Structure formats: structure tokens, C-alpha cells
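Undergrad: My questions all concern the structure below.
Residue numbers (my numbering): 293 to 503.
This is the structure in C-alpha cells:
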């Protein structure tokens, strides 16, 4: 959603402005000649360098009312799945006027100028999609980087053959890393605030403790 908004803003500010950004399966689109950019997520995989980042839980300390220095500890485990998202950007329009090529140049230039989607934009897009739904508060999203993905002719042919759709001028992009959060699960834990370590020396030889 955040990437779509960025692309739509770029098309609106182009000279001349025009074009719509959609997020549909390529085989569901028909080229009517109208300027159109389609943003489609076709593959995802885990970021191997961040897959274990949620192993360490967070401990929340709450002072006990009337308990002096006593505190209650709650362990909160938030699960995070780090994903690399592979997108296909397809461009449609009047080929005689080179509309697909002009749309491509506008979108590629926009993503090259601003290759980072900050956490605030991701959070706002998530909140917009959740309108009317019963949701928990949004977490602090991390930034997502957008990089151009080189596709060979063979990879492009295989991809469009999988869609069973008529080929359209297209490029690939990777969004890295998108974090998928799940609801945290709190649990009460015993909190160790201080540790008292003492070293006991053995009694001297010949003392009464030797028997």
C-alpha cells in the first residue's frame, strides 16, 4: 500500500500527469489503452539474517502498589517474521505514444530518488487498510528498502507463463525487509533483581571442624 501510494504520487506529479496504479493479478488485467501501472507481489522469502530476532523476549517491570521496592514482572513475546517481498511492476497504455515506456521511466525514477519507505508511511498504510476492523495498536514499523531486481529474459518468460497472461513491459523490485508482527503474548515471570554471592572458605587444618 505504501509503495502504491508513492507510485501514484509520482504519476500525479509527472509532466503530463496521468495513470493509475493497481494491485491485481496480471491475468486479470486487460490493456484498454489507458495509462496503467500494476504492482503485483508474486514471491516472498525470509531474510536469513533477521529470522531469529524475536527469540529474546521483553520484560516489562511494574511497581507493586504499597510494596515498597517490589515490582511485578511480565514477559512479553512479540513474534516478528522478516520478509523479502518481490514485486512485479507492469506498464500498460498506448504503445504508439510510448505510454508504457514513459510510465516505466516515471516510476523507476521515483523509486530511485526515494528508495526507502519509512516506518511512519508503512504504519499509516496499514492503518488505512484496517479501517473499520477491530485491530490492536500498530507496532513501530521498521524502514523498508526498495531495490531494482534484474530479471533475465528466461526469468521474465517463466514468470509471465506462470501468470498465463499476455506479456507487458515490466520490471522487478524487492522490498527488504518487511516485518510481519503478531500479537504479543504476555506471561508473568519471577524477576531476579539482585544476586547475593558469598564465598565460604574451608576451616584451617587441625580445627575442631576436622573432627
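Heads up, the beta-carbon is just placed ideally off N, CA and C, and yes, glycines get one too. It should be emphasised that the depicted structure is a prediction, and the values quoted were computed from it without experimental measurement.
In this structure, does DSSP put residue 411 in helix, strand or coil?
TA: Against the chain shown, residue 411 aligns to sequence position 119. Helix at residue 411.
Undergrad: When the Cα of residue 334 is compared with those of 318, 411, 326 and 341, which residue comes out closest?
TA: Sequence index remark: in the chain shown, residue 334 carries index 42 (1-based). Checked all of 318, 411, 326 and 341; the closest Cα to residue 334 is 318.
Undergrad: In angstroms, rounded to a whole number, what distance separates the CA positions of residue 490 and residue 351?
TA: Here residue 490 refers to the residue found at position 198 of the chain shown. Here residue 351 refers to the residue found at position 59 of the chain shown. Each residue's Cα considered, the two are about 28 Å apart.
Undergrad: When you compare the CB positions of residue 472 and residue 375, do they come within less than 8 Å of one another, or not?
TA: Taking the first residue of the chain shown as 1, we reach residue 472 at position 180. Taking the first residue of the chain shown as 1, we reach residue 375 at position 83. A contact, by the Cβ cut-off of 8 Å.
Undergrad: By alpha-carbon positions, which one of 372, 314, 327 and 337 ends up nearest to residue 349?
TA: Position 57 of the chain shown, counting from 1, holds the residue named residue 349. Cα-wise, what sits closest to residue 349 is 372.
Undergrad: Suppose the cutoff is 7 Å on Cβ atoms and the five residues either side in sequence are ignored; what does the same chain contact list for residue 427 look like?
TA: To locate residue 427, count along the chain shown from 1; it is residue 135. For residue 427, the predicted model reports a pLDDT of 45, less than 50, meaning its position is unreliable; a value from the coordinates is still stated below. For residue 427, where only same-chain residues beyond five positions count, there are no Cβ hits under 7 Å.
Undergrad: From which residue to which residue does the beta strand (DSSP E) around residue 238 run?
TA: As shown, the chain starts at 293 and ends at 503. That puts residue 238 outside it, with no answer to give.
Undergrad: Can you grab the Cα-Cα spacing for the pair residue 425 / residue 474, in whole Å?
TA: As a working note, residue 425 is residue 133 in the chain shown. As a working note, residue 474 is residue 182 in the chain shown. Unreliable placement is indicated for residue 425, whose pLDDT of 48 sits below 50; the coordinate value is still reported in the next sentence. Answer to the nearest angstrom: the Cα atoms are 16 Å apart.
Undergrad: What is the rounded straight-line gap between the Cα of residue 357 and the Cα of residue 364?
TA: To locate residue 357, count along the chain shown from 1; it is residue 65. To locate residue 364, count along the chain shown from 1; it is residue 72. Computed Cα separation, rounded: 10 Å.
Undergrad: Among the residues of its own chain, which have a CB less than 6 Å from the CB of residue 468, if the five just before and after it don't count?
TA: In the chain shown, counting from the first residue as 1, residue 468 sits at position 176. Closer than 6 Å at Cβ, skipping near neighbours: 376 and 437.
Undergrad: Can you say whether residue 384 is buried or exposed, counting buried as having 16 or more other CB atoms within 10 angstroms of its CB?
TA: Indexing the chain shown from 1 puts residue 384 at position 92. With 16 or more other Cβ atoms within 10 Å, it is buried.
Undergrad: Between which two residues does the alpha helix (DSSP H) harbouring residue 355 extend?
TA: Taking the chain shown and counting its residues from 1, one reaches residue 355 at position 63. Counting along the chain, residue 355 falls outside any alpha helix (DSSP H), though it belongs to the beta strand (DSSP E) covering 350-355.
Undergrad: Check this for me: beta carbons of residue 464 and residue 378, under 8 Å apart or not?
TA: The count along the chain shown starts at 1 and reaches residue 464 at position 172. The count along the chain shown starts at 1 and reaches residue 378 at position 86. Contact flag set, yes.
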